[in-house]
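Residue numbers (the working numbering): 1 to 155. All C-beta atoms, glycine included, are put in the ideal place defined by N, C-alpha and C. Bear in mind the structure is a predicted one, so any value in this text is a computation, not a measurement. Data first, discussion second: the structure below is written as structure tokens.
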């Protein structure tokens, strides 16, 4: 039985008001919400898939693509913005060939922007799989990505 089916079975008597909680549980279990998961939830709750997408896309906590092996988060808070996080983000998008919110075809990198990481004194800040990098310029971002790619080639 799939993780989604297990979650829905465990919540078999839940109604429409359980939608967000179910989506959170599914994302926790699978790392994202697949189109198949949306259809299963749709059948389970008797809600149109379009309505589920409408709710899920309203909240930025939900992802519809799996995360990459290296999940990069770029802070776009005020301090990071003022200190140049936009150019660092643009550099990452150019190098990786994806926009924020997407994952590279090889599944190696995913790129996401966040409103604030709470490290304003270190701005601009990025995180790669939870490891923080401070005062990230476009060039420093380029080096971080190149180092990861080089490490991956050795594996």
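Check whether residue i and residue j have beta carbons under 8 Å apart
i, j, result
"residue 144", "residue 125", "no"
"residue 36", "residue 8", "no"
"residue 108", "residue 93", "no"
"residue 123", "residue 83", "yes"
"residue 73", "residue 114", "yes"
"residue 95", "residue 151", "no"
"residue 76", "residue 85", "yes"
"residue 66", "residue 31", "yes"
Start-to-end residues for the beta strand (DSSP E) that takes in residue i
i, result
"residue 110", "109-114"
"residue 127", "126-128"
"residue 62", "Note, residue 62: premise wrong, no beta strand (DSSP E); not H, not E."
"residue 80", "Element bounds for residue 80: not the beta strand (DSSP E) but the alpha helix (DSSP H), 78-82."
"residue 136", "Where residue 136 is concerned, there is no enclosing beta strand (DSSP E), given that its DSSP letter is neither H nor E."
"residue 72", "70-75"
Alpha-carbon to alpha-carbon, residue j and residue i
i, j, result
"residue 52", "residue 21", "12 Å"
"residue 15", "residue 56", "16 Å"
"residue 62", "residue 33", "7 Å"
"residue 104", "residue 13", "38 Å"
"residue 147", "residue 11", "44 Å"
"residue 25", "residue 6", "11 Å"
"residue 54", "residue 149", "36 Å"
"residue 68", "residue 46", "32 Å"
"residue 132", "residue 138", "15 Å"
"residue 154", "residue 71", "20 Å"
"residue 158", "residue 60", "The structure shown does not extend to residue 158, since the chain spans only 1 to 155, so no value can be given for it."
"residue 58", "residue 135", "31 Å"
"residue 81", "residue 44", "43 Å"
Cβ shell of residue i (< 7 Å), same chain only, five flanking positions each side left out
i, result
"residue 48", "42"
Close-in-space but distant-in-sequence residues of the same chain around residue i (CB under 6 Å, 5 per side omitted)
i, result
"residue 79", "120 and 123"
"residue 117", "75 and 125"
"residue 4", "26, 37 and 40"
Range of the contiguous alpha helix (DSSP H) that encloses residue i
i, result
"residue 52", "49-58"
"residue 91", "85-96"
Residues of its chain near residue i, where Cβ-Cβ distance is below 8 Å and the 5 sequence neighbours each way are ignored
i, result
"residue 100", "74, 89, 93, 111, 112 and 113"
"residue 102", "65, 110 and 111"
In chain order, each alpha helix (DSSP H) run of at least 4 residues that lies wholly inside the segment 6-40:
Here the runs fully enclosed are 19-30.
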